[in-house]
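*Asks:* Numbering (UniProt numbering), first residue to last: 1 to 238. Every residue, glycine too, gets a C-beta built ideally from N, C-alpha and C.
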Amino acid sequence: MLATTVIDDASPWGTGEANVFSSCVVENMVALTFDDGPYIYEQDILNTLNAAGIKGTFFVNGNNWGCIYDQWQSLQDAYWGGHQIGSHTWDHPDLTTLSWDQIDQEFSSVEQAIQKIVGAQPAFFRPPYGSYNDEVLQIAANHGMNVILWDLDSGDSTGEPVWYSEQQYDAVAASHPNTVLALNHETYDTTAYQVLPYAIQKLRDAGYTFGTVAECVGGLEAYQWTSQPGTWDDSWHC
Ligand SMILES: [Zn+2]
């Protein structure tokens, strides 16, 4: 079953490239994902997800809309609440424009922050803009990452209005694909307060169950290892 959704596991170097998932595989499951944080709406998004009994997935940056260390409490709440934390690079570049060492640093820097804040090393990575090449996949593999894309884009990050995002969820509710891997961004108040509640209601009414990305791709481990989080000190800054 996995083989049909791993869209890029062929490598001239054999097993040296990360697997890329563009869709979930668990029948009738939706994974709601939230990129580009952690940001000021994260806690409210968590409250909405928790009230609905849904585990979401957050692909976080180190220093994008805000500094990860300024949102350490909501990131801990997300992690301890059973939501999945994934990597989305330190400062959100198009990785295909960078050198090997620069790409590697983008992975390492945000991993280090995530490790400090929640005490875990993610096993899932989403490339900014969905942009990757063979180098990115090799470095992702070196970092132990599965690479995750999406098959539903709410359009929030490209400036689409709320009605447009809602229409994307209406469309999948109507066409009812077997699985949904939904891209949202936690950096918009409209996503947090309007689109998310709408999407949950719509998809739930359509009969879907909800899971994290790790669950929806077949029950993989969300983290390579877990440990105790660090304690806040003045090294927690961007
Ligand atoms: Zn992003």
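The beta strand (DSSP E) with TRP225 in it runs from where to where?
*Replies:* On the sequence shown, residue 225 is found 225 positions in, with the first residue counted as 1. Start and end: 223-226.
*Asks:* With respect to 6 Å, is the separation between the Cβ of ASP233 and the closest non-hydrogen atom of ligand 1 below this value?
*Replies:* Residue numbering aside, residue 233 sits at position 233 when the sequence shown is read from its first letter. No, the Cβ of ASP233 stays beyond 6 Å of every heavy atom of ligand 1.
*Asks:* Residues in its own chain within less than 6 Å of SER11 by CB, not counting five upstream and five downstream?
*Replies:* For the purposes of this step, residue 11 is taken as the residue at position 11 of the sequence shown. Its pLDDT being 42, under 50, SER11 is placed unreliably by the model, and the measurement read from it follows with that caveat. GLU17.
*Asks:* Applying the criterion that 16 or more other CB atoms from any shown protein chain within 10 Å of the CB defines a buried residue, is TYR132 buried or exposed?
*Replies:* Looking up residue 132 in the sequence shown gives position 132. Result: buried.
*Asks:* Measure the alpha-carbon distance for ILE139 versus TRP100 and round it to whole angstroms.
*Replies:* By 1-based counting over the sequence shown, the position of residue 139 is 139. By 1-based counting over the sequence shown, the position of residue 100 is 100. Distance between the alpha carbons of ILE139 and TRP100: 8 Å.
*Asks:* Three or more C-beta pairs closer than 8 Å, one from the stretch 61-79 and one from the stretch 98-118: is that the case here?
*Replies:* Yes: the two stretches touch, three or more of their Cβ pairs being nearer than 8 Å.
*Asks:* For the beta strand (DSSP E) that contains LEU181, what are its first and last residues?
*Replies:* What you label residue 181 is simply residue 181 of the sequence shown in a count that begins at 1. Note, LEU181: beta strand (DSSP E), 180-185.
*Asks:* Find out if the Cβ-Cβ distance for the pair GLU186, GLY37 is shorter than 7 Å.
*Replies:* Mapped onto the sequence shown, residue 186 falls at position 186. Mapped onto the sequence shown, residue 37 falls at position 37. Cβ distance < 7 Å, so GLU186 and GLY37 count as in contact.
*Asks:* Taking only heavy atoms of ligand 1 into account, decide whether any of them is closer than 6 Å to the Cβ of PRO38.
*Replies:* The sequence position of residue 38 within the sequence shown is 38, counting from 1. It does not: the Cβ of PRO38 is nowhere closer than 6 Å to a heavy atom of ligand 1.
*Asks:* Please return the same chain residues whose Cβ sits closer than 7 Å to the Cβ of TYR129, not counting the five positions on each side in sequence.
*Replies:* On the sequence shown, residue 129 is found 129 positions in, with the first residue counted as 1. Counting only Cβ-Cβ distances below 7 Å, and skipping sequence neighbours, we find ASP94.
*Asks:* May I ask you to report which of helix, strand or coil DSSP gives ILE7?
*Replies:* Locating residue 7 in the sequence shown gives position 7, counting from the first residue. Because the pLDDT at ILE7 is just 46, under 50, the model does not fix this residue reliably, and the value given afterwards should be weighed accordingly. Residue state, collapsed to three classes: coil.
*Asks:* Under 6 Å from any heavy atom of ligand 1, does the C-beta of PRO127 make it?
*Replies:* Translated into the one-based positions of the sequence shown, residue 127 becomes position 127. No.
*Asks:* Near THR96, what residues of its chain come up, given a Cβ to Cβ distance below 6 Å and the 5 sequence neighbours on each side ignored?
*Replies:* The residue given as residue 96 occupies position 96 in the sequence shown. So the list reads SER131, ASN133, once near-sequence residues are dropped.
*Asks:* Return the residue from the list THR57, GLY62, ASN64, LEU98 that minimises the CA-CA distance to ALA123.
*Replies:* Locating residue 123 in the sequence shown gives position 123, where the first residue counts as 1. Comparing Cα-Cα distances from ALA123 to each of THR57, GLY62, ASN64, LEU98, the minimum goes to THR57.
*Asks:* What's the gap between the Cα of GLY219 and the Cα of VAL213?
*Replies:* Locating residue 219 in the sequence shown gives position 219, where the first residue counts as 1. Locating residue 213 in the sequence shown gives position 213, where the first residue counts as 1. Straight-line Cα distance between these residues: approximately 9 Å.
*Asks:* If I follow the unbroken beta strand (DSSP E) through ALA31, where does it start and stop?
*Replies:* Residue numbering aside, residue 31 sits at position 31 when the sequence shown is read from its first letter. Note, ALA31: beta strand (DSSP E), 29-35.
*Asks:* What are the boundary residues of the beta strand (DSSP E) that includes VAL147?
*Replies:* Against the sequence shown, residue 147 aligns to sequence position 147. Where VAL147 is concerned, the enclosing beta strand (DSSP E) stretches over 146-148.
*Asks:* Please work out which residues of its chain come closer than 6 Å, Cβ to Cβ, to TYR164, disregarding the five sequence neighbours upstream and downstream, and give them in chain order.
*Replies:* Here residue 164 refers to the residue found at position 164 of the sequence shown. Correct list, in chain order: GLY155.
*Asks:* Hey, would you say the C-beta of ASP35 is under 6 Å away from at least one heavy atom of ligand 1?
*Replies:* Position 35 of the sequence shown, counting from 1, holds the residue named residue 35. Yes, ligand 1 has a heavy atom inside 6 Å of this Cβ.
*Asks:* So what does VAL20 bridge to, in DSSP terms?
*Replies:* In the sequence shown, counting from the first residue as 1, residue 20 sits at position 20. VAL20 pairs with VAL147.
*Asks:* Could you check where the alpha helix (DSSP H) with PRO197 kicks off and where it finishes?
*Replies:* Along the sequence shown, read from residue 1 onward, the residue named residue 197 stands at position 197. Per DSSP, PRO197 belongs to the alpha helix (DSSP H) from 196-205.
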